[in-house]
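Residues in the sequence shown are numbered consecutively from 85, following the working numbering.
Idealized CB from N, CA, C, for every residue including glycine.
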Amino acid sequence: MHFSTTLNFAAAVVPVLFQSVSGWSFTMYDVAGCQNSTLSAIDEVEKTGNVACDPVPNANRHKSVQGAIPAGSECRISFYPSEGCGDRVAFSLTQYTTTCLSIEDFIAPLAYYKATDCE
């Protein structure tokens, strides 16, 4: 009986140990080049899983963005200029987007984002 209880416990714990606990994030900067200084403002979004369409904090002041999506993930963070995330995607971050991206040339602020395939 003791072996059976141990086996049941192991069967319950093993799936938890192998579940992904890492999430994704992106950081928006109010200066070009993703520079972090005492004079720059930073807005960071950290989440796990998918997001239908959420507002980007302080979207009207951002000039650059950098994403942090785990390697091996199919996760895609897409940015949109208008509410609902139904219009054309301005650009997306993936696991391969590891450098700072300038967004200061966009006519409208990237005010909303959607996360897909992040589960």
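Are the CB atoms of residue j and residue i within a distance shorter than 8 Å?
i, j, result
"G151", "F190", "no"
"C159", "W108", "yes"
"Q119", "A155", "no"
"S186", "K147", "yes"
"P139", "A195", "yes"
"N134", "A199", "yes"
"A143", "E188", "no"
"C202", "G168", "no"
"D114", "R145", "yes"
"S157", "S176", "no"
By the 10 Å Cβ neighbour count, where 16 or more other Cβ atoms means buried, how is residue i classified, buried or exposed?
i, result
"A125", "exposed"
"Y197", "buried"
"S166", "exposed"
Bridge partners for residue i per DSSP, in chain order?
i, result
"L194", "DSSP, once it has assigned bridges, lists no residue as partnering L194."
"V135", "A199"
"Y113", "I126 and S148"
"S186", "S148"
Can you tell me where the beta strand (DSSP E) with residue i in it begins and where it stops?
i, result
"E130", "I126 to K131"
"G151", "S148 to A152"
"R160", "R160 to Y164"
"S176", "F175 to L177"
Flag residue i as yes when its Cβ comes closer than 7 Å to any non-hydrogen atom of the ligand NAP, and as no otherwise.
i, result
"G168", "Although the ligand NAP was asked about, the structure shown includes no ligands whatsoever."
Counting only beta-carbon atoms, is residue i nearer than 8 Å to chain B?
i, result
"E158", "Of the chains in the structure shown, none is chain B; there is only one protein chain."
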